[in-house]
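Q: So the sequence shown is numbered by the numbering used here: it starts at 34 and just counts up by one.
Below you will find the structure I want to go over with you.
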Amino acid sequence: MSTISSLGVGSGLDAETIIAKLMSIEHRQVDLLQTKQTEMKSQLSTVGTLKSLLSTMQDKAQALTSTSLWGQTTVSSSDATVATGTTATGTATGSYQVTVQALAASQTVTSTALASSSTELNEGSLTIQLGSWSGSSFTAKTGSAPVSITIGAGDTSLSAIRDKINAAGAGVTATIVNDVNGARLSLRSTDSGAVNGFKITAAETTDDGDDATGLSMLGYDPSVGTPPMSLNQAGSNARALINGIQVESASNTLSNVSDGLSLTLNKVSATPVQLTVATDTSAIKTAVNDFITAFNALASNLQTNLKYDSGTKKAGALQGDRMAVNLQWGLRGVINQPSSASSVFSTLSSIGITMQQDGKLKLASSDFDDALSNQTELKKMLTANTGVAGTTGFMTRFDDLAAALLDTEGSVTMREDGLQKAIDRNQKQQDAMEDRLTLTEKRLRAQYETLDTKMATLSTLASYVTRQFSS
Numbered sequence: 034m035s036t037i038s039s040l041g042v043g044s045g046l047d048a049e050t051i052i053a054k055l056m057s058i059e060h061r062q063v064d065l066l067q068t069k070q071t072e073m074k075s076q077l078s079t080v081g082t083l084k085s086l087l088s089t090m091q092d093k094a095q096a097l098t099s100t101s102l103w104g105q106t107t108v109s110s111s112d113a114t115v116a117t118g119t120t121a122t123g124t125a126t127g128s129y130q131v132t133v134q135a136l137a138a139s140q141t142v143t144s145t146a147l148a149s150s151s152t153e154l155n156e157g158s159l160t161i162q163l164g165s166w167s168g169s170s171f172t173a174k175t176g177s178a179p180v181s182i183t184i185g186a187g188d189t190s191l192s193a194i195r196d197k198i199n200a201a202g203a204g205v206t207a208t209i210v211n212d213v214n215g216a217r218l219s220l221r222s223t224d225s226g227a228v229n230g231f232k233i234t235a236a237e238t239t240d241d242g243d244d245a246t247g248l249s250m251l252g253y254d255p256s257v258g259t260p261p262m263s264l265n266q267a268g269s270n271a272r273a274l275i276n277g278i279q280v281e282s283a284s285n286t287l288s289n290v291s292d293g294l295s296l297t298l299n300k301v302s303a304t305p306v307q308l309t310v311a312t313d314t315s316a317i318k319t320a321v322n323d324f325i326t327a328f329n330a331l332a333s334n335l336q337t338n339l340k341y342d343s344g345t346k347k348a349g350a351l352q353g354d355r356m357a358v359n360l361q362w363g364l365r366g367v368i369n370q371p372s373s374a375s376s377v378f379s380t381l382s383s384i385g386i387t388m389q390q391d392g393k394l395k396l397a398s399s400d401f402d403d404a405l406s407n408q409t410e411l412k413k414m415l416t417a418n419t420g421v422a423g424t425t426g427f428m429t430r431f432d433d434l435a436a437a438l439l440d441t442e443g444s445v446t447m448r449e450d451g452l453q454k455a456i457d458r459n460q461k462q463q464d465a466m467e468d469r470l471t472l473t474e475k476r477l478r479a480q481y482e483t484l485d486t487k488m489a490t491l492s493t494l495a496s497y498v499t500r501q502f503s504s
């Protein structure tokens, strides 16, 4: 007997259509689970966005409680061409009168002229030692060892000697100066200041007996006699009067001369320059605006996801969600509850921050500028962390609220975890149902195949009987 190759051929039934319709009915429960899972995934995404926005708001609130923010200062100069300043966190506010008496200079010496930069001297060594000069007396710089530079065969031209000196890291820079008289080697201290002067000891492999010729012409050591090289500029310190106090520095930057204040001297002037250190209120205002932007993004997200649109008859993704509702009320509670942390400011509206009808915050710039004039009280009102209800600063409250909600046992985190677990359970249910439906379909196909076989057998038998009667 031939095998049934197409389901339903033996019985004459459209078995494929029948099975497809039966399986479609059976699959409705899976479809419902898939629809529910899609909704939960949408909610999870919404909660994830909400969590991110809450975390950003917390970061901005924490930035406003940072000690470094409130300690920032700026410095202005009445004449920046003479002196300017920079401040560090915590620099005390105040005024400084600065008279620049001298700028720091680097020692510079120059050799006598040679025919050209390719003129050969002779072999030997140059030893350079950093230190300070007092007349013809030299004191080596503490912690600085002499640097010996070997001038060998092939290194004896003026340009080669320049390159050897520059490669030695001896604290001096060599250049060649050309003019109508020829080429001269000029050496200059890398760093300015009296302590960064230098002496040069020249030793020839074969001494020609004349310090004015050969390698000896590059020596500079007034402590042993008149040197062959000429002094163009002595190394000297910068000098200034700051509020009548004499100060010196090896460089033209006077670091931390007073409570984190550093000065840069630009030119000598007999006229005093006024430098004023003031609180950097712009940084505080920027931080407040950053917080308001972050808060408003969170408030807008909550407003969108909690509302019911009567026009479209569609609810937001979190409409009626207890976690989201509590978060919204928690934010409003922080804003509406006065704080006694400051004796001057008790509400956000008292410093120009008000809540609008849409739940967002708005900053009245002029009112906040007025509050900035009393920075001590403003800082208390925003940042106080007393741990006592009613006396905690507003930004500390926002930080605490966010921390509680984002904690592993906080409502936002638990809502997120709960949704993920529900999605996972839903998927397991779908998988189990799909496995069961696969078995159901196999059973139906087996039943219809059996029916086909039996119907085909009966059909064959009927044909046989008919033929027998006919004959």
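Beta carbons: idealized from backbone N, C-alpha and C, even for Gly.
These figures come from a predicted structure and were not determined experimentally.
Secondary structure at phenylalanine 378, three-state DSSP: helix, strand or coil?
A: If DSSP states are grouped into helix, strand and coil, phenylalanine 378 belongs with coil.
Q: Would you call the region 139–150 and the region 292–300 touching, i.e. three or more CB-CB distances under 8 Å?
A: These segments do not touch.
Q: With a threshold of 8 Å on Cβ separation, who are the neighbours of threonine 98 within its own chain once the five nearest residues in sequence on each side are excluded?
A: Cβ within range, chain order: Leu415, Thr416, Asn418, Gly426, Met428, Thr429, Asp432.
Q: DSSP state of aspartate 400, grouped into three classes?
A: Three-state result, aspartate 400: helix.
Q: CB-CB under 8 Å to glutamate 156, same chain, minus the five flanking residues each way: which ones, in chain order?
A: Taken in chain order, the residues that qualify are Ile184, Gly185, Ala186, Asp188, Thr189, Glu237, Thr238, Thr239, Leu248.
Q: What does DSSP give as the partner residue(s) for leucine 274 in the beta ladder?
A: Its beta-bridge partners are Thr132, Gln279.
Q: Going by alpha carbons, who is nearest to valine 228 out of Gly215, Tyr253, Glu281?
A: Of the listed residues, the one whose Cα sits closest to valine 228 is Glu281.
Q: Would you be able to state if there are at least three C-beta pairs under 8 Å between the region 443–457 and the region 69–83?
A: Contact holds: three or more Cβ-Cβ distances are below 8 Å.
Q: Note down, in chain order, each residue of its chain lying with its Cβ closer than 7 Å to the Cβ of glutamine 134, except the 5 sequence neighbours on either side.
A: These residues qualify, in order along the chain: Arg272, Ala273, Leu274, Val301.
Q: Of all the options Val115, Ile384, Val210, Ala350, which has the alpha carbon lying nearest to the alpha carbon of serine 406?
A: Checking every option, the nearest Cα to that of serine 406 belongs to Ile384.
Q: Hey, how far is the Cα of threonine 50 from the Cα of glutamate 482?
A: Each residue's Cα considered, the two are about 14 Å apart.
Q: Straight-line CA distance for threonine 387 to leucine 394?
A: Roughly 6 Å separates the two Cα atoms.
Q: With three or more beta-carbon pairs closer than 8 Å as the criterion, would you say the region 119–136 touches the region 304–311?
A: Yes: the two stretches touch, three or more of their Cβ pairs being nearer than 8 Å.
Q: What three-state label does DSSP hand alanine 348 in the structure shown?
A: Here alanine 348 sits in strand by DSSP.
Q: Please list, in chain order, all residues of the same chain as aspartate 440 whose beta carbon is under 7 Å from its beta carbon, the five residues on each side excluded.
A: So the qualifying residues of the chain are Thr446.
Q: Please report the Cβ distance between isoleucine 182 and phenylalanine 231, rounded to the nearest whole angstrom; I am assuming they are in contact, meaning their Cβ atoms lie under 8 Å.
A: So it is not a contact: roughly 13 Å between Cβ atoms.
Q: Kindly indicate which three-state DSSP category alanine 327 falls into: helix, strand or coil?
A: If DSSP states are grouped into helix, strand and coil, alanine 327 belongs with the helices.
Q: Mind listing, in chain order, the continuous beta strand (DSSP E) runs of no fewer than 3 residues lying wholly within the region 245–315?
A: Here the runs fully enclosed are 263–266, 271–275, 278–282, 286–291, 294–298, 306–312.
Q: Does the pairing of the region 459–474 with the region 366–376 give three or more beta-carbon distances under 8 Å?
A: At 8 Å Cβ cutoff, the stretches do not touch.
Q: At what residue ranges does the region 412–450 contain a whole run of the beta strand (DSSP E), taking only runs of 3 or more?
A: The region 412–450 contains no whole beta strand (DSSP E) run of 3 or more residues.
Q: Do you know whose CA, among Thr79, Asn329, Ser88, Leu470, lies nearest leucine 55's CA?
A: The shortest Cα separation from leucine 55 among Thr79, Asn329, Ser88, Leu470 belongs to Leu470.
Q: Over what stretch of residues does the alpha helix (DSSP H) that includes threonine 145 continue unbroken?
A: No alpha helix (DSSP H) holds threonine 145; DSSP gives it neither H nor E.
Q: So, are the CB atoms of leucine 191 and leucine 220 less than 7 Å apart?
A: No, the Cβ-Cβ distance between leucine 191 and leucine 220 is not below 7 Å.
Q: What are the residues that DSSP puts in a beta bridge with asparagine 211?
A: Note: asparagine 211 sits in a beta bridge opposite Ala216.
Q: Whose C-alpha, out of Thr119, Met466, Ser151, is nearest the C-alpha of asparagine 211?
A: Of the candidates Thr119, Met466, Ser151, the one whose C-alpha sits nearest the C-alpha of asparagine 211 is Ser151.
Q: With distances taken between CB atoms, is the gap from leucine 163 to glycine 204 smaller than 7 Å?
A: In contact: leucine 163 and glycine 204 (Cβ atoms closer than 7 Å).
Q: Could you have a look at threonine 160 and say whether DSSP puts it in helix, strand or coil?
A: Strand.
Q: Within this structure, are the beta carbons of valine 306 and valine 115 separated by less than 7 Å?
A: Yes, the pair counts as a contact, with Cβ atoms nearer than the cut-off.
Q: Which of the three DSSP states is assigned to alanine 479 in this structure?
A: Helix.
Q: Quick one: measure Cβ to Cβ for lysine 93 and aspartate 323, integer angstroms, because I've assumed they're closer than 8 Å.
A: 5 Å between Cβ atoms; contact.
Q: Between which two residues does the beta strand (DSSP E) holding glutamate 72 run?
A: Careful: glutamate 72 lies outside any beta strand (DSSP E), inside the alpha helix (DSSP H) at 61–97.
Q: Is methionine 34 helix, strand or coil by DSSP?
A: Note that methionine 34 scores a pLDDT of 40, beneath 50, so its modelled location is shaky; the value from the coordinates is reported in the next line. Three-state result, methionine 34: coil.
Q: Is serine 243 helix, strand or coil by DSSP?
A: The displayed chain sequence assigns aspartate, not serine, to residue 243. Looking at aspartate 243 - three-state DSSP - the assignment turns out to be coil, as it is neither helix nor strand.
Q: Is the Cβ of leucine 163 closer than 7 Å to any Cβ of chain D?
A: The question asks about chain D, but that chain is absent: this structure has only one protein chain.
Q: Rank Gln361, Leu335, Leu147 by C-alpha distance to the C-alpha of alanine 350 and give the top, closest one.
A: Ranking the options by Cα distance to alanine 350, first place goes to Leu335.
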